[in-house]
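Quick notes on the structure that follows.
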Amino acid sequence: MKRASYPNALGVVAVAYLGADYLREILPGLHEILRPVIWGVFAVAIVCRALNYDYWTQELRSIGMFVGSLVFMVCCLFVEAAAMQYVTAVLGMDWHWNTAPLPDSGQWTVLFSNEKLPKVIVALLREPIIGLHHYLMLFLLLAFSVLYGCVKAPGMALGARYMFTMACGRLIRVSTFTATILPSARPWCAQARFTIANHPHPWAQKYYVPYSKDPRMVQQIISRDEAFASLENYPAEYVPNWGSLQFLVNILRPRDPAKTGQTGYDWFNTFKNSAAGGCNDLMFSGHVFVAVLTAMAWQEAYPGWTSTLIWLLVVHTAQREIRERHHYSVDVVTGVYFGIFLWNTTGWIWASRDQQKELKLKLLAAVEDDIQKAAKDGNLEKITYMLNKVSTANKDNEQKDKVSYWFTMLLGCFVLFMTLGLGLLTFTWTANG
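Just so we're aligned: the sequence shown equals residues 1 to 433 in full-length UniProt numbering.
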């Protein structure tokens, strides 16, 4: 695929979008007017270009992988939402309010830098320049730019790689923050975001609370290797009837509506509360992980000054996560190297290299000895035959997945509107992070 006539056009569009969206901080009224206009311009540009797109066949080969990655990611997000509710609810509201945050050298460094750096730089570091939804939009711009030749086709495979990598990262993240529950760097977070019981879950009552403060009790449980302490008297657990999803009651731990005076504590509404963001889902930072995935995608698919700028924005996001105490420093550092590691391990889904060219080189390498032998013998007919064989084999490989023009266009339009709609919905739903 040929590069676009203006190779830096995508970078200019990305920076212009970030600049226009920053008006939310300066002129919020104008931003509310401009935002739907910008979305409309993007949508029209995509639809108009799609009619003349030459690589729908390549895109359709990746549709199964794209849909599979999408379903896998949604399932992982449900698991993550349940885990976020669990790690907060299992210990009870009193624990979250009374437990001090962990000491963090990164937070100390940020406060020290505020005293030493010029005020202009400190103000810039504090500024909310970019958020989670901006990184998602940057990736959408990258993926859809395949229509203009800025990124190598297929864009569907690039999207599949992004979602699959994100889903794998979410599962790893769940395994880490549920394995060891860390106190939030914001002690009021649980009270602000969750409606949970004040007392701990029976699991925590038996296996954690009696041994959480007395060193001698810890020594005894290590030597005995079994829970032995007598339990305190706590209120009975509320156990609603959720039918086939009854197993979620112990995980989500909903409140008794009779005690709160509120309704809607079914499993779905409990999930919705968790989707707004957690408090103890700390190791590692999901926001930083998404930011790194976006930067890695740009670095591989569209290297240059834009990808360098995005990496600088990732650094800005990382220090803000620590500065505003959404995460500890270890969460941010781990999120960075997990994002880099997982993106590099999923290169088999989409690669920026020209696979058709590599296939042709492999075919040429396979007949290289025969061509050299024919050249020594002066057998031009055999050389021509071998080269035609390579060309024919390459064309045959392309013909295997070839479908009719109208079927390709119809399916391509469906894929286009589906991905565009999903992208805009995702962008809208995550506008507040």
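Using N, Cα and C, we set each Cβ at its ideal position, and we do this for glycine too. Bear in mind the structure is a predicted one, so any value in this text is a computation, not a measurement.
Distance from the CA atom of Gln-205 to the CA atom of Leu-420, rounded to whole angstroms, is 48 Å. Per the C-alpha coordinates, the member of Leu-313, Ala-258 and Gln-107 positioned closest to Glu-324 is Gln-107.
Linking Ala-81 to Trp-267 through their CA atoms gives a straight-line distance of about 11 Å. Under the criterion of beta carbons closer than 8 Å, Met-163 and Leu-70 qualify as touching, at roughly 6 Å. In the three-state reduction of the DSSP assignment, Lys-152 falls in the coil class, being assigned neither a helical nor a strand state.
Counting along the chain, the unbroken alpha helix (DSSP H) around Arg-224 starts and ends at 215 to 224. A contact is defined here as three or more CB-CB pairs under 8 Å, and the stretch 95 to 106 fails this definition with respect to the stretch 239 to 250.
In the three-state DSSP reduction, Asn-344 falls in the helix class (H, G or I).
For Thr-419, the secondary structure class from DSSP, reduced to helix, strand or coil, is helix.
Short of 8 Å from the beta carbon of Trp-188, and not among the five residues preceding or following it, lie these beta carbons of its own chain, in chain order: Trp-97. In this structure, Gln-85 sits away from Phe-228, with a CB-CB distance that is not shorter than 9 Å. Sequence-distant partners of Trp-350 (beyond 5 residues in either direction) whose C-beta falls short of 6 Å from its own C-beta, in its chain, are Ala-157, Leu-158 and Arg-161. Excluding its 5 nearest sequence neighbours in each direction, Ala-318 has C-beta neighbours in its own chain below 6 Å: Val-288 and Val-332, listed in chain order. Residue environment: Leu-313 is assigned as buried (16 or more neighbouring CB atoms within 10 Å of its CB, all protein chains considered).
According to the DSSP assignment, Gln-246 belongs to no alpha helix (DSSP H), since it is labelled neither H nor E. In its chain, beyond the 5 residues on either side, Phe-284 have a beta carbon closer than 6 Å to the beta carbon of Thr-334. Secondary structure at Val-239: coil, using DSSP grouped into helix, strand and coil. In this structure, Leu-248 lies away from Ile-181, with their beta-carbon atoms at least 9 Å apart. Taking the CA atoms as reference points, Val-120 sits about 16 Å from Arg-320. Under the 8 Å Cβ criterion, the stretch 14 to 21 counts as touching the stretch 128 to 137, having at least three qualifying pairs. Here Ile-322 really is in contact with Ser-329; their C-beta atoms are around 5 Å apart, less than 8 Å. Taking a C-beta distance under 9 Å as the contact criterion, Asn-198 and Met-93 qualify as a contact pair. Residue nearest to Asp-225 within the set Ala-236, Glu-237, Tyr-211 and Tyr-238 is Tyr-211 (criterion: CA-CA distance). Assigned with DSSP and collapsed to three states, Pro-128 falls in coil, not helix or strand. Judged by their CB atoms, Pro-202 and Asn-280 are not nearer to each other than the 9 Å cut-off. Looking at Leu-147, Ser-145 and Val-79, the one whose alpha-carbon comes closest to that of Ile-172 is Val-79.
Nearest to Asp-256 by C-alpha distance, out of Asp-214, Glu-237 and Phe-271, is Glu-237. Residue state for Phe-289 is assigned as helix, using DSSP reduced to three classes.
Between Cys-168 and Cys-76, the gap from beta carbon to beta carbon is short of 9 Å. Closest in alpha carbon position to Phe-417, among Leu-27, Val-47, Ile-38 and Glu-32, is Val-47. Here DSSP, grouped into helix, strand and coil, assigns Arg-161 to helix. DSSP, read as helix, strand or coil, puts Val-90 in coil.
Collapsing the DSSP output to three states places Tyr-55 in coil.
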